[in-house]
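Chemist: Protein sequence lines, in the order shown, are assigned to chains R and Z.
Per my numbering, the first sequence runs over residues 326 to 543.
Per my numbering, the second sequence runs over residues 15 to 364.
All C-beta atoms in this analysis are idealised placements derived from N, C-alpha and C, irrespective of residue type, glycine included.
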Amino acid sequence: MIGQLKILKWLFIFIFLANYSISIGQKATNDILINISTSVNTNDSLSIDKLKFYLSNFNLLKEGEIVWTEKKSYHLVDISKQKSQSFTFILLKSIEFDEVQFLLGTDSLTNTDGVMGGDLDPTKGMYWAWNSGYINFKLEGTSSPFPFEFHLGGYAPPFQTVQKIKLQTTNRNRLNIGLNITDFLNQIDLTKTHKIMSPGKEAQQLSILLSTLFSISE
Amino acid sequence: MNKNNIIAFLSVFAFFGSAMYFPYTTTPVKIKYPEYWPKPVYNFEKNPLTQEGIDLGRKLFYDPILSKDSSISCSNCHLSYTAFTHVDHKLSHGINDSIGNRNSPSLMNLAWHNSFMWDGAVSHLDFQALAPISHPAEMGENINNVILKLTKSTDYVKRFYQTFKDSAITGEYLLKAISQFELTLISCNSKYDSVMRKAANFTLQEENGYQLFKKECSSCHTEPFFTNGKFENNGIPLDSVLLDYGRYNITKNPNDSLKFKVPTLRNIEFSHPYMHDGRFKNLSEVLKHYTTKVFPSKTVSKHLGNSISLSSNQKVDLTSFLLTLTDKNFLFNKKNAFPRKFYFPSTEKK
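1) For residue 292 of chain Z and residue 314 of chain Z, I'd like the C-alpha separation in whole angstroms.
2) For residue 214 of chain Z, is the classification buried or exposed, using 16 other Cβ atoms within 10 angstroms of its Cβ as the cut-off for buried?
3) Hey, how far is the Cα of residue 474 of chain R from the Cα of residue 145 of chain Z?
4) Which same chain residues end up closer than 6 Å to residue 185 of chain Z when comparing Cβ atoms and leaving out the 5 residues on each side of it in sequence?
5) Which residue or residues does DSSP assign as beta-bridge partners of residue 288 of chain Z?
6) Please give the ranges of any alpha helix (DSSP H) in the region 95–157 of chain Z, keeping only runs that are unbroken, at least 4 residues long and fully inside the region.
7) So the candidates are Z:254, Z:183, Z:282; which of them puts its Cα closest to the Cα of residue 241 of chain Z?
8) Give a yes or no on whether the minimum CB-CB distance between residue 550 of chain R and chain Z is below 9 Å.
9) For residue 448 of chain R, decide whether its Cβ has a neighbour in chain Z, counting only Cβ atoms nearer than 9 Å.
10) In chain order, which alpha helix (DSSP H) runs of at least 4 residues are fully inside the region 179–257 of chain Z?
11) Given a cut-off of 9 Å on the beta-carbon distance, is the pair residue 123 of chain Z and residue 202 of chain Z in contact?
12) Which of the three DSSP states is assigned to residue 509 of chain R in this structure?
13) Rounded to whole angstroms, what's the CA-CA distance from residue 393 of chain R to residue 419 of chain R? Just pull it up for me.
14) Counting pairs of Cβ atoms below 8 Å between the region 163–173 of chain Z and the region 146–154 of chain Z, do you hit three or more?
15) For the candidate residues Z:63, Z:93, Z:82, whose alpha-carbon lies nearest to that of residue 75 of chain Z?
16) Any beta carbon from chain R within less than 9 Å of residue 185 of chain Z's own beta carbon?
17) Is the distance from the Cβ of residue 322 of chain R to the Cβ of residue 424 of chain R below 9 Å?
18) With a threshold of 16 other CB atoms inside 10 Å of the CB of residue 511 of chain R, please say whether the residue is buried or exposed.
19) Which chain R residues sit within Cβ distance under 9 Å of residue 149 of chain Z?
20) Would you list the one or two residues that DSSP bridges to residue 399 of chain R?
21) Around the Cβ of residue 358 of chain R, are there at least 16 other Cβ atoms within 10 angstroms (buried) or fewer (exposed)?
22) Quick test of the definition: if touching needs 3 or more C-beta pairs under 8 Å, does the region 221–239 of chain Z touch the region 108–115 of chain Z?
23) Suppose you measure from the CA of residue 259 of chain Z to the CA of residue 117 of chain Z; what does that come to, to the nearest Å?
24) Ignoring anything shorter than 4 residues or poking outside the region 46–93 of chain Z, list the alpha helix (DSSP H) runs there in chain order.
25) Closest by CA to residue 416 of chain R, which one among R:383, R:432, R:430, R:436?
26) With respect to the alpha helix (DSSP H) encompassing residue 405 of chain R, which residues constitute its N-terminal and C-terminal limits?
27) Just to confirm before moving on: does the CB-CB distance between residue 285 of chain Z and residue 101 of chain Z stay below 9 Å?
28) Would you say residue 121 of chain Z and residue 97 of chain Z are within 9 Å of each other, going by their C-beta atoms?
29) Does the Cβ of residue 447 of chain R have 16 or more other Cβ atoms within 10 Å, making it buried, or fewer, making it exposed?
30) At 7 Å on the CB atoms, spell out the chain Z contacts of residue 437 of chain R, in chain order.
31) Please report how far the alpha carbon of residue 397 of chain R lies from the alpha carbon of residue 436 of chain R, in whole angstroms.
32) Just checking: is the beta-carbon of residue 365 of chain R within a distance shorter than 9 Å of some beta-carbon in chain Z?
33) Can you give me the C-alpha to C-alpha distance between residue 65 of chain Z and residue 327 of chain Z, rounded to a whole angstrom?
34) Run down chain Z in chain order and give the residues with a C-beta less than 7 Å from the C-beta of residue 402 of chain R.
35) Counting only Cβ-Cβ distances shorter than 7 Å, please list the residues of the region 160–181 of chain Z near chain R, keeping chain order.
36) Determine which residues share a DSSP beta bridge with residue 42 of chain Z and list them.
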C-alpha cells in the first residue's frame with residue numbers, strides 16, 4: 326500500500342511539473358513588426374465609413390527564394406480597429422530577406438475548405454452568404470454627392486479577385502506597408518462605378534487596380 | 015504535514031493539471047454508409063463528428079432562435095418525415111409570412127455534395143446555413159445576433175463548451191455544429207439499397223422500371239446518390255414571375271442560363287412538389303413533362319435533347335421503381351426528428 330502511494334506521489338509530482346514547466350533557453354528569434362496603413366485624404370466631400378480587407382499568405386524572400394512562410398497567415402485589416410493594423414512575425418535571427426510577398430484577399434482553397442475561425446470567422450462580416458466566398462476588400466463611404474460601396478471578392482474562374490503583392494525591403498525589424506486609397510478613388514469614375522457587391526469582371530478589375538497601390542516605406 | 019496530506023495536496027494539483035489535458039471527453043462518431051459508396055467529399059478531419067456536436071447541431075436545427083423573431087427554424091422548411099423538405103409547399107416560407115423564391119430541397123447524404131442550393135451558390139456544407147439565416151425572406155437574422163442570443167442560454171453555452179472546448183461561441187462553431195447534425199442524415203436503406211445488397215428482389219414491374227431508369231434518367235440522376243451533382247437545364251420554361259435563371263445568377267455565364275442542380279431522387283415519394291420552384295405537384299406531372307413538354311433552348315441538357323418517349327405502361331413501371339427509393343428507416347428515424355429531450359429534459363421517460 327505504502328509502495329503504491331509512493332509511486333502515485335511521484336506520478337503526481339511528475340504531472341505537476343510537466344504542466345507547469347517552462348522552457349528555458351536563449352532567445353534566438355527576431356520579432357518583425359508589420360504595420361499596415363491606408364492613406365486617404367478625407368475632406369468635406371469625401372468620407373470613409375468602412376474599410377476592411379484581408380491580407381494573407383505572407384512569405385519572406387531572399388533573392389527570389391522563399392525563406393520564411395507565416396503559418397495560418399490570415400489578417401483582416403480594419404481601419405476602425407487599431408489592433409488589426411499591426412502584427413508580428415517571429416523568425417530565427419539567421420533568416421535574411423529582401424522581399425515580402427502576400428495576397429490581397431484569400432486564396433480559392435480558403436474559400437472552399439469549410440468554415441474557419443479567427444479573422445476568417447463568418448461573423449466578421451466578410452463572407453457572402455448567397456454567393457459563397459469571402460469578400461476580399463470592403464470600402465464604403467461617400468464622395469459627395471455619390472455614396473459608394475465596393476465589396477470586392479470572388480474566387481471562381483474566370484473572375485478570381487485575389488492578388489499577389491510583392492514588395493522589396495531592406496528593413497530587418499519593421500515593415501510599413503501602405504495602401505493608397507486616395508489613388509484608388511481617383512482612378513475610378515464614381516459617377517459610373519459606385520456599387521459593386523458581387524463577383525464579376527468589375528470586381529476583378531478593381532482588385533487588379535488595388536494591387537498596384539501597395540507600397541513599403543522604410 | 016504528514017505524508018497523506020502532501021499526497022492529497024499534490025493530488026488536487028494533479029487533478030486540475032491533468033484536467034487541462036483531458037477536459038470534457040467527447041464521444042467520437044463515425045458515419046455509416048454502404049461499402050460500395052464512394053468516400054465522402056466532406057473533410058471530417060476539419061470537423062470531427064462527436065455525439066455532443068451532433069446533439070448540439072440537432073438542437074440548433076430545430077430551434078427558431080436562429081430567426082429574427084424566433085418564429086422559424088430550419089425544420090420549418092426541412093421536415094424530417096418528408097425527407098427534410100417542405101411537403102406541399104411550392105416555395106419556402108420565412109419570417110413575417112414572407113415567401114421565398116425556391117422550393118426547399120430535401121436534405122440527405124450531404125457529405126457527398128460539393129455544392130449546395132439549387133444554383134450552387136454555396137460551395138461548402140458548413141456555409142450553407144448562413145444563407146437561410148441571413149435571407150430576409152427566410153430567417154432574416156444576422157449571425158452575430160444569433161450568437162448573442164445563444165450566449166444567453168446556459169444550455170447552449172454548456173453544449174458549445176462540451177463540443178468545442180471553448181467558452182466562447184463563434185460563427186465557426188455554430189456552423190460546424192449544424193453541419194455535424196446534417197452530415198448524419200444518411201439515407202441508404204431503401205428497397206433499392208436492399209436489392210443492391212442482394213437482400214431483396216425487385217418485382218417484375220420495379221425491375222422493368224429500373225431498366226428504363228438506367229436508360230433514360232441515370233445520366234443525370236446517377237446512382238448511388240441519384241444525382242450527378244451537376245447543373246442541368248431540364249427543359250422547364252422560365253417562370254415569368256420568378257424570373258429565376260438559376261446557375262447563371264452565380265456564374266454570369268450565358269451557358270449556365272436556366273440550369274439548376276440535379277436533385278436526388280431518393281425518397282422522391284415524400285419530397286413533392288418537384289422542381290426548383292415546386293411547379294409539379296406529383297410524379298405523373300413530372301413524367302408528363304419529360305415525355306412531352308421539354309422546352310427547347312440553347313442550354314437544355316444534352317442528355318435530354320428531345321422529350322423522352324415512354325408508353326403509359328412504362329411510366330407505371332418507372333414510377334414503381336422510383337418508389338423503391340423510399341427509405342422508411344431514414345424518414346422515421348427518431349434520431350433525426352425533433353429532439354424533445356433537449357428542450358424539455360424533465361419530460362424524458364425514465
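Modeler: Put simply:
1) It is roughly 19 Å from the alpha-carbon of residue 292 of chain Z to the alpha-carbon of residue 314 of chain Z.
2) Exposed is the call here.
3) 21 Å
4) 157
5) Z:294
6) 139–142, 144–148
7) Relative to the Cα of residue 241 of chain Z, the nearest Cα in the group Z:254, Z:183, Z:282 belongs to Z:282.
8) The question about residue 550 of chain R has no answer, for chain R in this structure spans 326 to 543.
9) yes
10) Counting only runs that start and end inside the region 179–257 of chain Z, the alpha helix (DSSP H) elements of at least 4 residues fall at 185–197, 205–210, 218–230.
11) In this structure, residue 202 of chain Z lies closer than 9 Å to residue 123 of chain Z by Cβ.
12) helix
13) 11 Å
14) no
15) Ranking Z:63, Z:93, Z:82 by Cα distance to residue 75 of chain Z puts Z:93 first.
16) yes
17) Beyond the ends of chain R as shown, which are 326 and 543, falls residue 322 of chain R; an answer cannot be given.
18) exposed
19) Those are 454, 455, listed as they occur along chain R.
20) R:381
21) exposed
22) They do not touch, by the three-pair rule.
23) 14 Å
24) 65–75, 88–91
25) R:383
26) Counting along the chain, residue 405 of chain R falls outside any alpha helix (DSSP H), and DSSP gives it neither H nor E.
27) yes
28) At the C-beta level, residue 121 of chain Z and residue 97 of chain Z come within 9 Å of one another.
29) buried
30) 137, 138
31) Residue 397 of chain R and residue 436 of chain R: Cα-Cα distance of roughly 14 Å.
32) no
33) About 48 Å.
34) Within chain Z, no residue comes near residue 402 of chain R; the closest Cβ sits about 19 Å away, beyond 7 Å.
35) Taken in chain order, the members of the region 160–181 of chain Z whose beta-carbon sits within less than 7 Å of a beta-carbon on chain R are 161.
36) Answer is Z:64, bridged to residue 42 of chain Z.
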